[in-house]
Amino acid sequence: MKEAFDVAIVGAGPAGTSAACILAGAGVKTILFERGEYPGAKNMSGGVLYGQELARVLPDFAERKLPIERNIIESRLWYLSKEGGYNLGYRDAIFATERKHNVFTVGRARFDRWYAEQARQKGVLVVPGTVVVDLLRDGSGRVTGVVTGRAEGEVTAQVTLLADGVNSPLAALTGFRREVKPEHVALAVKEVIDLPAEVVDQRFGVSGGNGVTTEVLGDIVGGMNGVGVLYTNSASISLCIGANLADFATFKLKPYELIEEFKQHPMVAPLIAGGKSLEYVAHWLPEGGYDTIPRLYGDGYLIAGDSAMLFNAPHREGSNLAMASGRMAAETVIEALERGDCSRKSLADYGERMAQSFVLQDMKKYRGFGPFLHHHKEIFNELPRAATFAGREMITVNGVSKREKQKLIFRNARKETSLLKYLKLLWSGWRAVK
Amino acid sequence: MTMKIEDKLFLDRFRVDEESHLRIINGQICMTECKGQPCLYFCPANVYRLEKDYISVNHEGCLECGSCRIACPHLNIEWRFPRGGYGISHKFG
Ligand SMILES: Cc1cc2nc3c(=O)[nH]c(=O)nc-3n(C[C@H](O)[C@H](O)[C@H](O)COP(=O)(O)OP(=O)(O)OC[C@H]3O[C@@H](n4cnc5c(N)ncnc54)[C@H](O)[C@@H]3O)c2cc1C
Ligand code: SF4
Ligand code: SF4
Chain A
2 MKEAFDVAIV GAGPAGTSAA CILAGAGVKT ILFERGEYPG AKNMSGGVLY GQELARVLPD
62 FAERKLPIER NIIESRLWYL SKEGGYNLGY RDAIFATERK HNVFTVGRAR FDRWYAEQAR
122 QKGVLVVPGT VVVDLLRDGS GRVTGVVTGR AEGEVTAQVT LLADGVNSPL AALTGFRREV
182 KPEHVALAVK EVIDLPAEVV DQRFGVSGGN GVTTEVLGDI VGGMNGVGVL YTNSASISLC
242 IGANLADFAT FKLKPYELIE EFKQHPMVAP LIAGGKSLEY VAHWLPEGGY DTIPRLYGDG
302 YLIAGDSAML FNAPHREGSN LAMASGRMAA ETVIEALERG DCSRKSLADY GERMAQSFVL
362 QDMKKYRGFG PFLHHHKEIF NELPRAATFA GREMITVNGV SKREKQKLIF RNARKETSLL
422 KYLKLLWSGW RAVK
Chain B
0 MTMKIEDKLF LDRFRVDEES HLRIINGQIC MTECKGQPCL YFCPANVYRL EKDYISVNHE
60 GCLECGSCRI ACPHLNIEWR FPRGGYGISH KFG
């Protein structure tokens, strides 16, 4: 199959397919490789997507029969202990009208397949069921294409875009990104729980295809640095729980047992009651932050999306960073091809664009967030315990004066951790996100 | 009622390749040098199981997360993706 392309893309996720759409739109001869049986077959996320970024690639996405699960009108944040927890939410009707589809949920198996189909219609050659196992290079080390797992599966290209996601044996092999360390990724598992659409509507107080997202923090991950999410789909609920992989290895907790406990939590159980599990999958998230981003480009190649460790942990944004970086990579490549120069110098514009966009600016802003969580495990055990004690005391009416209750709460909180530790936590938390 | 891992994997769609894409490089290390054998815990698909005197690799249920490749403290696992189109295929994702 020794065929020549302008651009070869590894991976039909949000990053690779966004780039493919833009390139094909500009008439660039593009081939898109995907190892799954179909695009999306290997992918999973909580399922939240952002319309604004998608519209920058496909302005008319709403007319293209995008498989949306639910349009999100409310975001909740839970802080849980073992038996209960706090719920902070914000709902706004504007997200059902003017700002409709600003945030919505999808199932990645369907979405990624649909997205790659849009790229195909624009002229991209989409090749599923094919693993890229190595990169082609010339004598000077410049990347000149890809080697696939198929017989005679070499394809040459002027530029190769690595959009193969966070789990990249290709990176380890070729060294374009160092193999990730366990502390730089989170391992998450997900179950999709089947429920009739009306039941989802009732339980979340929504209708008309609208839905709710819930991010879950606290004592649900056995004291590890981790989070859970609970998102609504049309006729199902997505439940994910994950934690830092290094923590998993030291704490000796099993992901499939963790998700079972999550399902039985008193805040979660009533929402999924009567539902049947449809699927169980696992995936990493890049968690190392700004300091683990590799060099984004070199002679004949660029890196985008999760493969470049782009993930905004505190906001749980990944797919939009993937789309934005894929788009900027494509825009850079179009100009480089026009110049007839795909050297490292010519592709350097990608680094510039990224540095000036929200992608790297947000990554930089939250640079300290990962280490912050890593060093403050009390967020995942002592603190939710103290918070639950406080909540319980304030709500229980038992003849004890409120002033006495405040004293009790304060004393209990001090028992859980020292005052100094709370102050330190506040201080470093502020520094991590300011 | 808790759901066992076998039941969870039963929900998934796999196209299993006869040849395993996962291989323990040196079984000796697992049984003599590896403290705690963490692969028995963190693997979300319970692929690695402790038998009488070795660790078995049940690659058919692998969810392809990559964890064992980097979190085995002895980097004792040879890991590649299943052949194109093989392995798990997410229905919802
Ligand atoms: C549990 C969980 C919840 C998440 N929730 C959210 C969320 O709610 N919102 C959000 O924005 N982000 C979320 N994310 C992050 C988001 O999923 C990723 O940031 C996003 O998918 C990155 O897109 P990508 O295109 O870079 O990589 P991917 O989506 O991983 O795509 C990479 C593609 O490359 C293919 N591939 C890999 N290697 C090869 C190879 N060698 N040859 C051929 N093909 C290859 C893969 O099969 C895959 O299709 C979540 C992630 C997880 C794990
Ligand atoms: S973690 Fe690695 S060395 Fe230890 S038992 Fe598992 S495979 Fe063997
Ligand atoms: S890749 Fe993930 S699911 Fe597969 S064996 Fe390794 S740890 Fe288990």
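Chain order of the listed sequences is A and B.
Per the numbering used here, the first sequence runs over residues 2 to 435.
Per the numbering used here, the second sequence runs over residues 0 to 92.
Idealized CB from N, CA, C, for every residue including glycine.
Because the structure is a prediction, the values reported are computed rather than measured.
For the stretch 41 to 50 of chain B against the stretch 64 to 77 of chain B, do three or more pairs of beta-carbon atoms, one drawn from each stretch, fall closer than 8 Å, so that the two count as touching? yes
DSSP three-state call for P372/A: helix, strand or coil? helix
Query - Cutoff 8 Å: G108/A Cβ touching any chain B Cβ - result: yes
- request: Step through the CB atoms of chain B and report whether any lies within less than 8 Å of the CB of G37/A.
  value: yes
Name the DSSP bridge partner or partners of F6/A? A158/A
- Message: Out of L409/A, T106/A, I23/A, which one is the CA nearest neighbour of Q122/A?
- Response: I23/A
Nearest candidate by alpha-carbon position, reference G86/A, set N413/A, T397/A, F390/A, L427/A:
F390/A
- prompt: If you measure from the beta carbon of V190/A to each beta carbon in chain B, is any gap under 8 Å?
  reply: yes
Cβ neighbours of E54/A in the same chain (closer than 6 Å, five flanking residues each side left out): The residues are N321, M324, A325.
Check your understanding: How long is the line joining the alpha carbons of M457/A and L171/A, rounded to whole angstroms?
Key -> Residue 457/A cannot be examined here, being either before or after the span of chain A that is shown, 2 to 435.
Would you say P170/A reaches chain B, if we count a Cβ-Cβ gap shorter than 8 Å as a contact? yes
Identify the contact partners of W285/A in chain B, using a Cβ-Cβ distance below 7 Å as the criterion.
C64, G65
- Query: Taking 7 Å as the line, does the beta carbon of Q36/B fall inside it for any heavy atom of ligand 2?
  - Reply: Result yes, Cβ under 7 Å from ligand 2.
*What residues in the stretch 250 to 266 of chain A have a beta carbon less than 7 Å from any beta carbon of chain B?*
A250, K253, L254, K255, P256, Y257, E261
(message) Short of 6 Å in beta carbon distance, which residues of its chain neighbour Y85/B, apart from the five on each side in sequence? Order them along the chain.
(response) R14, D16
Can you give me the start and stop residues for the beta strand (DSSP E) that C241/A sits inside?
237 to 245
task = Ignore the nearest five residues each way along the sequence and tell me which others in E114/A's own chain have a CB closer than 7 Å to its CB.
result = The sequence as given places Arg at residue 114/A; Glu does not occur at that position. Closer than 7 Å at the Cβ level, and outside the excluded window around R114/A, lie Y39, P40, G41.
So within the stretch 6 to 45 of chain B, which uninterrupted beta strand (DSSP E) runs reach at least 3 residues, ignoring any that extend past its ends? 12 to 14, 21 to 23
Which whole-angstrom value is the C-beta distance of G276/A and I238/A, which I expect to be below 8 Å? 7 Å
Check: Cβ of G92/B within 8 Å of Cβ of G108/A?
Finding: yes
Quiz item: Can C29/B be considered in contact with ligand 5, in the sense that its beta carbon sits closer than 7 Å to one or more heavy atoms?
Solution: Among the ligands present in this structure, namely ligand 1, ligand 2 and ligand 3, ligand 5 is not found.
Closest to E59/B by C-alpha separation, out of S88/B, E50/B, G35/B, would be which residue? S88/B
* By DSSP, does G290/A sit in helix, in strand, or in coil? -> The answer is coil: DSSP assigns G290/A none of H, G, I, E or B.
Verify the contact flag: N234/A, CB atom, against every heavy atom of ligand 1, threshold strictly below 7 Å.
-> Result no, Cβ not under 7 Å from ligand 1.
Rounded C-alpha distance that separates S344/A from T161/A
12 Å
Three or more C-beta pairs under 8 Å: does that hold for the stretch 222 to 240 of chain A against the stretch 367 to 381 of chain A? yes
Who are L78/A's beta bridge partners in DSSP? L89/A, E216/A
- Report yes if the C-beta of S169/A is less than 7 Å from at least one heavy atom of ligand 3; otherwise report no. no
What are the boundary residues of the beta strand (DSSP E) that includes S55/B? 54 to 56
Which of the residues in the stretch 138 to 150 of chain A, read from start to end, lie with their CB under 8 Å from any CB of chain B? So the close ones are T149, G150.
>> What are the residues in the stretch 33 to 66 of chain A lying within 7 Å of chain B by C-beta distance?
In response: If the cut-off is 7 Å between Cβ atoms, the stretch 33 to 66 of chain A has R36, G37, E38, G41, A42, K43, N44, M45 near chain B.
Under 8 Å between C-beta atoms, does Y53/B make it to chain A? No, because no Cβ of chain A sits closer than 8 Å to the Cβ of Y53/B.
Q. Just to confirm, are S82/A and P385/A a CB contact at a threshold of 8 Å?
A. Taking C-beta atoms as the reference points, S82/A and P385/A count as a pair closer than 8 Å.
- Is the CB of Y281/A under 8 Å away from at least one CB in chain B? yes
Using a Cβ-Cβ cut-off of 6 Å (strictly less than) and excluding sequence neighbours within five positions of V282/A, which residues of its own chain qualify?
M45, K191
*Where the beta carbon is closer than 5 Å to any heavy atom of ligand 3, which residues qualify, in chain order?*
C42/B, A44/B, V46/B, C61/B, L62/B, C64/B, S66/B, C67/B
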